[in-house]
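Asks: Residues in the sequence shown are numbered from 12 upward in steps of one, following our numbering. Idealized CB from N, CA, C, for every residue including glycine. Source: prediction; values computed, not measured.
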Amino acid sequence: MKVLIVTEVYRPGVGGVQAAVDTLISGLIAHGDEVTVITGSPKGFLYGSYREIDQINGATVVRLPAIKSFVNRENNRMTILPAYAVKRYFHQYRPDIVHILIPSTWLHTAVLRQAHKHHIPVIATGHAIALNLVMNMRWKRFARWLGQKAEQYTVKHLNQTDLVTAPTRAALDHVVGITVPTLAISNGIDVSLYPPERHYKEATLKRFNLDDRKLTIVYVGRLDGEKRVDLLIDAMKQLNRHDVQLVIVGKGINMESLRRQASDLGSTCIFTGYVTDDEKRALLWQADVFVMASPAELQCIAALEALLCETPVVVADQVALPELLDDGKNGLSFHYPDTNDLADKLETLLQDQNLRRKIGQHARQWIIEHHSHDYTISQYRTAYQRLIRDRE
């Protein structure tokens, strides 16, 4: 199959969406599919369009003139005036299926128009909700208004497709107004990258100045508003335990404010900044507990990775995060945004090594059975093939 993937969130951006895109693309190419990505250029609006081969996932990438997003300038871009370039692409290369991610910009509008014109089926995947927008803006009243408009605009795009997917059923249920068929497909995770042994330990301790005598709480992800890492820092202060260290992995627009908030924790709170995939896996294997306090997660790939590393999770009781717990067998949830409850749930796990070990063993097997990379790719390829047959 010739698959066209359309997204405004792409390298050099980082985060869960990029990880999900890489998983999808590498899996499709491994099955012999031809994958092209249309996205914005990190080189600015005046540079012009160009093509390149993504050295990580192997896709052909068509870069169009773009500007940094006013919502998240570090991670997102917005393609400017893409209609002509998109029209030219469809005249030169006719994909069998179009897959658009987080449809909400001029780029998606232009692609939908050409796909409909050429009678090409379209599948859309939602990886974000309005809170991802609202919680990264300073002017909250304007942000709420903009979030409502963005959600309406997104639903309008979704209803122009043949199938809407999201990583979880909770994510699909969260969006009001979808009238086309829907399907929950996990982002998936490549189990082979997470061998079942902790061979990283000594190098990890040295690289990040971790104390082997302390229990380790880890957060992995962007340091942006909707991630609510501030709640985790507050809970860490409430624990008031000198035998626990907090490792915050990632970067984002709130990094400096979070550093200031955590300053009185001293050496017990470590900010790693950006890390490689190998370093991330090492930290997750080293962790005793993983935390995600966000109220806006449609699945949370970092939590999937933590569970695969046999690390219990504590997550907010919001949107799709409770689905990760498998009825409490993979960890605990706290009442968002109650930091007292978060601290209590952390204490429950930190004080019971046998409970952590039991949860970790179940969690790894659960991920292998329900969220493997192979199963995700199989579901998407089946959906693609069915939509293509329906158009013939």
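1. DSSP state of E45, grouped into three classes?
2. So V325 and L353 are in contact, right, with Cβ under 8 Å, and what is the actual spacing, rounded?
3. Kindly indicate which residue of V258, H138 and R74 has the alpha-carbon position closest to the one of L221.
4. Start and end of the beta strand (DSSP E) containing T322?
5. Tell me whether G188 is buried or exposed, calling it buried when 16 or more other Cβ atoms sit within 10 Å of its Cβ.
6. Determine the direct distance from the alpha carbon of S383 to that of L276, and round the result to whole angstroms.
7. Quick check on T120: does DSSP put it in helix, strand or coil?
8. If you run the structure through DSSP and keep just helix, strand and coil, what is I264?
9. Taking the straight line between their C-alpha atoms, what separation do you get for T71 and I64?
10. Looking at the secondary structure, which residues open and close the alpha helix (DSSP H) in which M247 lies?
11. Tell me whether the beta-carbon of P178 lies closer than 8 Å to the beta-carbon of L309.
12. In angstroms with no decimal places, state the Cα-to-Cα distance between I281 and D401.
13. Just to confirm, are T18 and T50 a CB contact at a threshold of 8 Å?
14. Taking Cβ positions, are A313 and G232 nearer each other than 8 Å?
15. If distances are taken between C-alpha atoms only, which option among H110, Q249 and V240 comes closest to S268?
16. Could you give the DSSP three-state label for T350: helix, strand or coil?
17. Between L417 and the rest of its own chain, which residues show a CB-CB distance below 8 Å, the 5 nearest in sequence each way excluded?
Replies: Considering the structure as presented:
1. To locate residue 45, count along the sequence shown from 1; it is residue 34. Three-state result, E45: strand.
2. Within the sequence shown, the letter at position 314 stands for residue 325. Within the sequence shown, the letter at position 342 stands for residue 353. That belief holds up - the Cβ atoms of V325 and L353 are roughly 7 Å apart, short of 8 Å.
3. The residue labelled residue 221 in the question sits at position 210 within the sequence shown. Of the listed residues, the one whose Cα sits closest to L221 is V258.
4. Here residue 322 is taken as the residue at index 311 of the sequence shown, counted from 1. Element bounds for T322: n/a, residue is neither H nor E.
5. Residue numbering aside, residue 188 sits at position 177 when the sequence shown is read from its first letter. Exposed, by the Cβ-count rule.
6. Here residue 276 corresponds to residue number 265 of the sequence shown, with the count starting at 1. Here residue 383 corresponds to residue number 372 of the sequence shown, with the count starting at 1. One C-alpha to the other measures close to 38 Å.
7. Residue mapping note: residue 120 aligns to position 109 of the sequence shown, counting from 1. Note: T120 maps to helix in three-state DSSP.
8. Taking the sequence shown and counting its residues from 1, one reaches residue 264 at position 253. DSSP places I264 in coil when its eight states are reduced to three.
9. One-based indexing of the sequence shown puts residue 71 at position 60. One-based indexing of the sequence shown puts residue 64 at position 53. Taking the straight line joining both Cα atoms gives about 5 Å.
10. Stepping through the sequence shown from its first residue, residue 247 is reached at position 236. Segment V240 to L250, the alpha helix (DSSP H) holding M247.
11. Residue mapping note: residue 178 aligns to position 167 of the sequence shown, counting from 1. Residue mapping note: residue 309 aligns to position 298 of the sequence shown, counting from 1. A contact, by the Cβ cut-off of 8 Å.
12. By one-based count along the sequence shown, residue 281 stands at place 270. By one-based count along the sequence shown, residue 401 stands at place 390. Their Cα atoms are separated by approximately 53 Å.
13. Sequence index remark: in the sequence shown, residue 18 carries index 7 (1-based). Sequence index remark: in the sequence shown, residue 50 carries index 39 (1-based). In this structure, T50 lies closer than 8 Å to T18 by Cβ.
14. As a position in the sequence shown, residue 313 is number 302, starting the count at 1. As a position in the sequence shown, residue 232 is number 221, starting the count at 1. A contact, by the Cβ cut-off of 8 Å.
15. Walking along the sequence shown from the start, residue 268 turns up at place 257. Closest option to S268, Cα to Cα, is V240.
16. Your numbering for residue 350 matches position 339 in the sequence shown. T350: helix per DSSP, three-state reduction.
17. In the structure as shown, the chain begins at 12 and stops at 403. Residue 417 is therefore absent and cannot be evaluated.
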